[in-house]
Amino acid sequence: MSIATENAQQLAVQAIKPKHEKTNTIVNGSEAVILSLIEEGVDTIFGYPGGAIMPIYDALFHYRHALNHILVRHEQGATHAAEGYAQMAGKPGVCFATSGPGATNLITGIADAMLDSVPIVCITGQVAEKFLGTDAFQETDVMSLAMPITKWCYQVADPDEIPLIIAKAFYIARSGRPGPVLVDITKDAQFADMRKPFKYEKRRQIKGYKPACKPRDKDITKAAELLNQAKRPFLFVGHGVLLSKAEKELLEFVEKTDIPVASTLLGLSAFPTDHPNYVGMLGMHGNYGPNKLTNKADVIIAVGMRFDDRVTGNLDTYAKQAKIIHIDIDHAEMGKNVTPTVAMIADAKEALQDLIPVVNENKHESWHLEFKKLYDEEYSKVIEKDFIANDEHIKMGEVIRRLSEKTNGEAVIVADVGQHQMSAARYSKFRKTDSWLTSGGLGTMGYALPASFGAKMGAPDREVVAVIGDGCFQMTIQELGTIAQSGLPVKIIILNNNYLGMVRQWQQLFFDTRYSFVELSNPDFIMIAKGFGINGHKCMHADDLDSSLDTLINSKEAYLLEIVVEKEGNVFPMMPSGMGVDDIRLE
Amino acid sequence: MKRRYTIIVFTENNFGLLNRITIIFSRRRINIESLTVSETERKGISRFTIVIDYDESKIRKLIQQIRKIIGVLVVFENEDDQVFFGQIAYFKVITSSFEQREKVMEIAHRHQAKIAFSSEDYIVIEKSGKEEDISTTLHLLEPHGVVEYCKSGRIAIVKDQHRFSKYAKNMDPEGWYSDEEFHELPLNGKHLL
Ligand SMILES: Cc1ncc(C[n+]2csc(CCOP(=O)(O)OP(=O)(O)O)c2C)c(N)n1
Numbered sequence: 001m002s003i004a005t006e007n008a009q010q011l012a013v014q015a016i017k018p019k020h021e022k023t024n025t026i027v028n029g030s031e032a033v034i035l036s037l038i039e040e041g042v043d044t045i046f047g048y049p050g051g052a053i054m055p056i057y058d059a060l061f062h063y064r065h066a067l068n069h070i071l072v073r074h075e076q077g078a079t080h081a082a083e084g085y086a087q088m089a090g091k092p093g094v095c096f097a098t099s100g101p102g103a104t105n106l107i108t109g110i111a112d113a114m115l116d117s118v119p120i121v122c123i124t125g126q127v128a129e130k131f132l133g134t135d136a137f138q139e140t141d142v143m144s145l146a147m148p149i150t151k152w153c154y155q156v157a158d159p160d161e162i163p164l165i166i167a168k169a170f171y172i173a174r175s176g177r178p179g180p181v182l183v184d185i186t187k188d189a190q191f192a193d194m195r196k197p198f199k200y201e202k203r204r205q206i207k208g209y210k211p212a213c214k215p216r217d218k219d220i221t222k223a224a225e226l227l228n229q230a231k232r233p234f235l236f237v238g239h240g241v242l243l244s245k246a247e248k249e250l251l252e253f254v255e256k257t258d259i260p261v262a263s264t265l266l267g268l269s270a271f272p273t274d275h276p277n278y279v280g281m282l283g284m285h286g287n288y289g290p291n292k293l294t295n296k297a298d299v300i301i302a303v304g305m306r307f308d309d310r311v312t313g314n315l316d317t318y319a320k321q322a323k324i325i326h327i328d329i330d331h332a333e334m335g336k337n338v339t340p341t342v343a344m345i346a347d348a349k350e351a352l353q354d355l356i357p358v359v360n361e362n363k364h365e366s367w368h369l370e371f372k373k374l375y376d377e378e379y380s381k382v383i384e385k386d387f388i389a390n391d392e393h394i395k396m397g398e399v400i401r402r403l404s405e406k407t408n409g410e411a412v413i414v415a416d417v418g419q420h421q422m423s424a425a426r427y428s429k430f431r432k433t434d435s436w437l438t439s440g441g442l443g444t445m446g447y448a449l450p451a452s453f454g455a456k457m458g459a460p461d462r463e464v465v466a467v468i469g470d471g472c473f474q475m476t477i478q479e480l481g482t483i484a485q486s487g488l489p490v491k492i493i494i495l496n497n498n499y500l501g502m503v504r505q506w507q508q509l510f511f512d513t514r515y516s517f518v519e520l521s522n523p524d525f526i527m528i529a530k531g532f533g534i535n536g537h538k539c540m541h542a543d544d545l546d547s548s549l550d551t552l553i554n555s556k557e558a559y560l561l562e563i564v565v566e567k568e569g570n571v572f573p574m575m576p577s578g579m580g581v582d583d584i585r586l587e
Numbered sequence: 001m002k003r004r005y006t007i008i009v010f011t012e013n014n015f016g017l018l019n020r021i022t023i024i025f026s027r028r029r030i031n032i033e034s035l036t037v038s039e040t041e042r043k044g045i046s047r048f049t050i051v052i053d054y055d056e057s058k059i060r061k062l063i064q065q066i067r068k069i070i071g072v073l074v075v076f077e078n079e080d081d082q083v084f085f086g087q088i089a090y091f092k093v094i095t096s097s098f099e100q101r102e103k104v105m106e107i108a109h110r111h112q113a114k115i116a117f118s119s120e121d122y123i124v125i126e127k128s129g130k131e132e133d134i135s136t137t138l139h140l141l142e143p144h145g146v147v148e149y150c151k152s153g154r155i156a157i158v159k160d161q162h163r164f165s166k167y168a169k170n171m172d173p174e175g176w177y178s179d180e181e182f183h184e185l186p187l188n189g190k191h192l193l
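Sequence order for the protein chains is A and B. For the first sequence, the residue numbers in the numbering used here are 1 to 587. For the second sequence, the residue numbers in the numbering used here are 1 to 193.
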């Protein structure tokens with residue numbers, strides 16, 4: 001998040017007077033937790049109670065009108081919902097869980113948020129201090145579990161520390177490169193009264209932690225020089241653009257320089273897909289042109305992305321000919337995977353603001369033509385076939401194309417992990433920013449259903465459509481209960497191929513079609529949804545697709561649409577793992 | 001190519017930080033040769049001295065990741081010629097006869113080791129210095145019956161006065177690097193590119 005946005009947000013929060021008058025009175029640790037959250041402007045919590053966090057839930061009961069709590073069905077759901085919420089609301093998502101199994105159930109979602117730089121604040125109950133380390137009932141060393149997968153974590157055993165630690169937690173989660181934090185609070189600290197009256201101060205700095213710095217003049221000059229001389233410049237958009245809210249600057253920069261733009265998986269929707277400069281997605285199942293031409297560009301400017309191995313493929317053959325300008329807020333990303341010519345440690349928005357005045361207006365027609373040629377090739381060999389159903393089977397690509405058309409590219413698409421994710425990434429048209437949520441770094445099956453209702457809570461005015469595989473759906477299927485209970489009008493599409501499709505594809509291509517434990521015998525999803533009180537429909541034929549999608553979109557309530565798709569469809573293009581961007585295959 | 005590095009990390013004195021720092025090494029399967037932690041002359045600030053053998057090409061990335069840990073204030077990565085360093089060792093040697101005792105004390109004397117403790121039937125010899133000196137002393141004493149031997153991790157002090165004082169700024173209560181200094185941090189004063 002850019003400093004500017006953060007300031008704006010803080011001002012907005014200050015404008016809302018805290019809904020409590022407990023400042024300067026003695027409260028217990030639990031109430032201090034709740035008051036601190038209110039002071040941070042939290043309005044929504046995703047959680048699940050249990051023994052070690054009961055005092056906090058009890059305090060929450062008294063503030064249930066100020067803080068909306070969503071009871072999930074599994075703590076993993078709480079983390080993903082908080083992720084979805086955070087990304088749409090532009091502020092940290094909050095989770096509660098109890099000690100032991102509650103805390104361990106959070107772990108997958110925390111790891112997910114870490115790899116995708118999503119700000120979430122997890123608060124876990126812990127056994128009383130005297131039981132720590134004794135294998136007491138429901139004790140796990142959640143600190144040791146969380147350390148490698150959080151931006152920061154802290155165990156509180158003294159109620160007086162609570163306001164300070166929560167303020168620190170929120171500041172760390174949202175500033176710089178955002179990420180998950182965890183605060184573990186012993187049960188006795190929740191019960192005990194604070195010694196000092198409750199007082200809350202938001203954090204603006206922490207010793208030894210510098211979340212962002214301004215771009216240096218010499219880097220700006222050098223970058224502009226490289227870009228101005230480049231014959232075949234290429235711009236990569238990453239998640240950092242969305243996090244720093246730099247979409248407007250990005251557009252202005254691109255329109256001035258006429259550089260072709262490609263997006264990473266998590267950068268999708270930062271740049272309009274129908275813009276003439278947009279050439280597609282990078283990476284393993286990205287578009288043909290952007291991958292192939294990575295090794296033809298003379299200057300690459302990478303904004304808020306980290307050259308993940310799913311993007312680069314084999315690093316030994318990756319973009320060796322190019323000078324690379326790398327803009328990222330995280331200094332540890334500089335030179336981690338590729339060696340930049342200009343390493344600009346900065347917020348994407350500020351860097352682009354500084355670059356716009358010093359880059360030349362330009363035209364790169366012949367360079368664009370090369371992308372066009374490769375797109376045409378991809379179109380005839382892949383896209384056309386993905387779009388148009390043959391007689392028997394609905395294709396995933398076709399579903400996504402129609403969904404995009406029907407929602408005018410304005411819906412928030414929340415994709416799970418697998419072939420359906422790649423189809424959704426490849427064929428969704430994005431006209432609005434912040435319209436794409438998925439688990440990129442960790443590739444967590446089960447992400448989409450909880451993330452979608454989190455997203456809906458973070459942006460109630462937007463249409464949220466979850467696109468989920470039949471395998472993924474069953475990882476967090478119980479969250480249908482949360483959706484139903486909360487009355488959230490989330491739209492769910494299951495693309496059912498009765499396979500763990502992505503794994504089956506790999507087995508077909510790289511393991512001589514030995515389909516080892518990838519076939520699913522699925523339940524009646526519609527009946528299950530109905531059991532939860534959610535309406536649905538199973539679409540089996542192409543001629544039913546259109547009206548099925550209409551019903552889904554027109555529904556005022558949550559709705560489940562199961563679409564039976566081609567059983568053994570494959571996602572292409574594909575860069576086989578271990579190979580380079582040049583080796584990307586169209587079939 | 002692998003080299004020996006002495007990594008000096010200054011941190012806040014919070015619990016859990018030792019764990020967080022060592023995770024950085026263990027997840028990359030780096031074996032820590034030695035690790036020494038103690039509080040510094042500044043209250044609330046700890047100093048870690050970590051010795052590893054590691055790839056020259058990857059050391060900077062490692063340092064950048066350590067620096068990212070919240071609670072870590074400054075990190076220096078040093079090759080042996082950039083620091084003064086040493087270790088301390090104790091040897092417990094059984095001395096059953098007078099001649100043996102004489103011999104052991106003479107070895108200690110010749111090798112600038114101290115007699116830290118002496119009783120009727122054993123002597124504890126204290127030797128500080130470089131690893132090689134310590135192992136030479138060990139070899140000489142071994143035939144005389146070393147029954148217990150222990151050695152500390154390396155401690156080290158950075159030679160370059162300028163480099164150290166510049167970054168020590170961050171250890172002041174409100175001190176923090178300027179943006180310019182921040183850019184230069186991971187690389188001990190040399191810029192990345
Ligand atoms: C928790 C978890 N387990 C296993 C995997 C490995 N995996 C990646 S994609 C995939 C198949 C997903 O199947 P499905 O949800 O049916 O989607 P499809 O690929 O068929 O569209 C699997 C098993 C994973 N990413 N996450």
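Heads up, the beta-carbon is just placed ideally off N, CA and C, and yes, glycines get one too. These numbers were taken from a predicted model, which means no experiment stands behind them.
Asked                                                                                                                                                                   : Found
From the DSSP output, which residues share a beta bridge with Met574 (chain A)?                                                                                         : A:Arg585
Go ahead and pull the three-state DSSP assignment for Tyr63 (chain A).                                                                                                  : coil
What's the C-alpha gap between Ala156 (chain B) and Gln82 (chain B)?                                                                                                    : 10 Å
What does the Cβ neighbour count give for Gln321 (chain A), buried or exposed, with the cut at 16 atoms within 10 Å?                                                    : exposed
Within 9 Å (strictly less), CB to CB, does Pro260 (chain A) reach chain B?                                                                                              : no
Less than 9 Å separating the beta-carbons of Val382 (chain A) and Tyr288 (chain A)?                                                                                     : yes
So, does the stretch 340-347 of chain A touch the stretch 323-331 of chain A, judging by three or more C-beta pairs under 8 Å?                                          : yes
Could you tell me the boundaries of the beta strand (DSSP E) in which Asn129 (chain B) lies?                                                                            : Reading the sequence as shown, one finds Gly at residue 129 (chain B) and not Asn. Where Gly129 (chain B) is concerned, the enclosing beta strand (DSSP E) stretches over Tyr122 to Gly129.
Looking only at its own chain, which residues have a Cβ that is under 6 Å from the Cβ of Thr273 (chain A), when we skip the five neighbours before and after it?        : Lys429 and Phe430
How should Gln229 (chain A) be labelled, buried or exposed, when 16 other C-beta atoms within 10 angstroms of its C-beta is the threshold for buried?                   : exposed
What does Lys61 (chain B) reach in chain A if we use C-beta pairs closer than 8 Å?                                                                                      : Ala332, Gly335 and Lys336
For Leu192 (chain B), decide whether its Cβ has a neighbour in chain A, counting only Cβ atoms nearer than 9 Å.                                                         : Residue placement at Leu192 (chain B) is flagged as unreliable, the pLDDT there being 42, under the threshold of 50; a coordinate-derived value is accordingly withheld.
Excluding the 5 residues flanking Leu193 (chain B) on each side, which residues of the same chain have their C-beta closer than 6 Å to its C-beta?                      : A caution first: Leu193 (chain B) carries a pLDDT of 38, below 50, which makes its placement in the model unreliable, though a value can still be read off. Around Leu193 (chain B): no qualifying Cβ.
Using the Cα positions of Asp434 (chain A) and His239 (chain A), report the straight-line distance between them to the nearest angstrom.                                : 10 Å
Which class does Ala415 (chain A) belong to by DSSP, given the choice of helix, strand or coil?                                                                         : strand
Take Val146 (chain B) and list the residues in its own chain whose beta-carbon comes closer than 6 Å to its own, dropping the five residues that flank it on each side. : Phe91 and Val93
Beta carbon of Asp309 (chain A): closer than 8 Å to some heavy atom of ligand 1?                                                                                        : no
Would you mind stating whether Val72 (chain A) and Pro450 (chain A) have Cβ atoms separated by less than 9 Å?                                                           : yes
For Arg204 (chain A), which of helix, strand or coil comes out of DSSP?                                                                                                 : coil
Taking only beta-carbon positions, decide if Pro573 (chain A) is within less than 9 Å of chain B.                                                                       : no
Quick check: the stretch 98-105 of chain B against the stretch 355-374 of chain A, are at least 3 beta-carbon pairs closer than 8 Å?                                    : no
Taking 6 Å as the limit between beta carbons, can you name the residues of its chain near Ser152 (chain B), skipping five residues before and five after?               : Gln87 and Ile88
For the beta strand (DSSP E) holding Phe84 (chain B), just list the boundary residues, first then last.                                                                 : Val83 to Ile94
Return the bridge partner residues of Leu560 (chain A) from the DSSP annotation.                                                                                        : A:Ile492 and A:Gly536
Kindly say whether Thr6 (chain B), judged by its beta-carbon, lies nearer than 9 Å to any beta-carbon of chain A.                                                       : no
Let me check one thing: in DSSP terms, what residues is Val465 (chain A) bridge-paired to?                                                                              : A:Ile413 and A:Lys491
Okay, do the stretch 50-66 of chain A and the stretch 212-223 of chain A touch, 3+ Cβ pairs below 8 Å being the bar?                                                    : no
Is it the case that the CB of Met344 (chain A) approaches a heavy atom of ligand 1 more closely than 8 Å?                                                               : no
Can you confirm whether Lys43 (chain B), when its beta carbon is compared against all beta carbons of chain A, has any partner nearer than 9 Å?                         : no
With H, G and I counted as helix, E and B as strand and the rest as coil, what does DSSP make of His69 (chain A)?                                                       : strand
By the DSSP assignment, the beta strand (DSSP E) with Pro180 (chain A) in it spans what residues?                                                                       : Pro180 to Thr186
Examine chain B for any beta-carbon lying closer than 9 Å to the beta-carbon of Ile172 (chain A), and answer yes or no.                                                 : yes
If you measure beta-carbon to beta-carbon, which residues of the stretch 22-41 of chain B are closer than 8 Å to chain A?                                               : Ile23 and Arg27
Where does Pro450 (chain A) fall in DSSP's three states?                                                                                                                : helix
Would the C-beta of Ile528 (chain A) count as close to ligand 2, meaning under 8 Å from any of its heavy atoms?                                                         : Ligands present in the displayed structure are limited to ligand 1, and ligand 2 is not among them.
Is it the case that the Cβ atoms of Asn78 (chain B) and Ile24 (chain B) are separated by a distance below 9 Å?                                                          : no
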